[in-house]
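One structure below.
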Amino acid sequence: MGVEAIGIDGTSRRGHNYITVVADLVEHDVTDVTPGEDPATVERFSRDFMDHNGVPEYVRLVACDMSLGFRKGIREHLPHARRIVDRFHVARHANEAVDKAGKTEGRSNPLLKRTKYLWLRNEESLTELQVETKRNLTRQRLKTGRACRMREVLQDIHTDSRTPSEAWVRLHRLCSWMMHSRLEPMKDLARMIRRHFAEIVAYFEHPYTNAVLEGADSVIQNVKRRARGFRDMDYFATMIYLTCGRLDLKAVTTT
């Protein structure tokens with residue numbers, strides 16, 4: 001089983017009862033489902049991987065979020081793997097930071113009423129009227145407008161950077177801007193990027209994302225709703241394999 005690039009992502013099974021789903025990022029299929037979202041989760045995956053003739057030492061790349069639990073587990077149980085924080089996880093945190101900046105400023109500025117999604121969506125996703133409204137607001141030198149521009153610069157870095165070194169320079173410059181912005185949510189975002197700088201830059205050398213797991217999560221949530229939740233973890237995992245894995249059902253025979 002020569003799996004070299006995997007994605008790891010957590011999802012809620014019932015309330016705060018998390019499970020972690022692992023996917024082969026080359027074959028685009030789910031390979032493992034395990035309870036929890038901590039270092040022990042990666043250990044359980046590693047053991048299960050070996051039980052199915054996998055070799056943890058062959059795993060070279062792991063795409064995941066910025067969870068410290070995953071980080072520690074990967075370091076201990078996938079010793080040769082390089083961790084990648086994909087662009088979508090970074091973008092999600094950037095959106096959250098812009099939203100916080102907007103809410104803070106909106107408490108004292110009525111101009112921001114009902115404008116949340118103007119700052120969180122790209123212009124191509126807005127109507128002509130929304131684009132015009134956003135541009136007019138931007139001219140008001142709003143703090144939220146500055147936060148939005150930082151989010152857009154981050155997006156441009158992911159879209160346009162041709163090499164990891166170029167991305168490194170541009171991200172470093174952006175973090176400096178955010179740290180001097182006097183916008184606490186953006187400063188927090190800069191600190192987070194700096195804590196995971198090497199893993200974020202690694203994406204530009206190995207542009208893997210967890211898109212397959214994001215898609216699987218919507219399927220998993222749909223399965224859970226149809227079955228009104230699964231109390232048995234093994235049964236729940238089996239349903240995920242059936243819906244998201246590449247099981248060769250034609251190979252199943254009856255006697």
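All the letters of the sequence shown, read from the start, carry residue numbers 1 to 255 under this note's numbering.
Positions of the beta carbon are idealized from the N, C-alpha and C atoms, including for glycine.
Residue range of the beta strand (DSSP E) that includes residue i
i	result
residue 83	82 to 85
residue 32	29 to 35
Alpha helix (DSSP H) segment containing residue i, residue limits
i	result
residue 133	128 to 138
residue 146	143 to 160
residue 176	164 to 179
residue 117	116 to 120
residue 201	197 to 202
residue 73	68 to 77
residue 39	39 to 51
CB of residue i within 7 Å of CB of residue j, strictly
i	j	result
residue 5	residue 203	no
residue 143	residue 118	no
residue 148	residue 212	no
residue 63	residue 210	yes
residue 219	residue 164	no
residue 45	residue 22	yes
residue 70	residue 19	no
residue 186	residue 178	yes
residue 217	residue 11	yes
residue 199	residue 83	yes
residue 39	residue 72	yes
residue 112	residue 105	yes
residue 194	residue 175	yes
residue 80	residue 57	yes
residue 101	residue 154	no
residue 85	residue 172	no
residue 78	residue 59	yes
Identified DSSP bridge partners for residue i
i	result
residue 11	19
residue 61	5 and 82
residue 258	In the structure as shown, the chain begins at 1 and stops at 255. Residue 258 is therefore absent and cannot be evaluated.
Does the region 15 to 33 come close enough to the region 43 to 52 to have 3 or more Cβ pairs within less than 8 Å?
yes
I want to know whether the region 155 to 163 touches the region 123 to 138 - three or more CB-CB distances under 8 Å.
no
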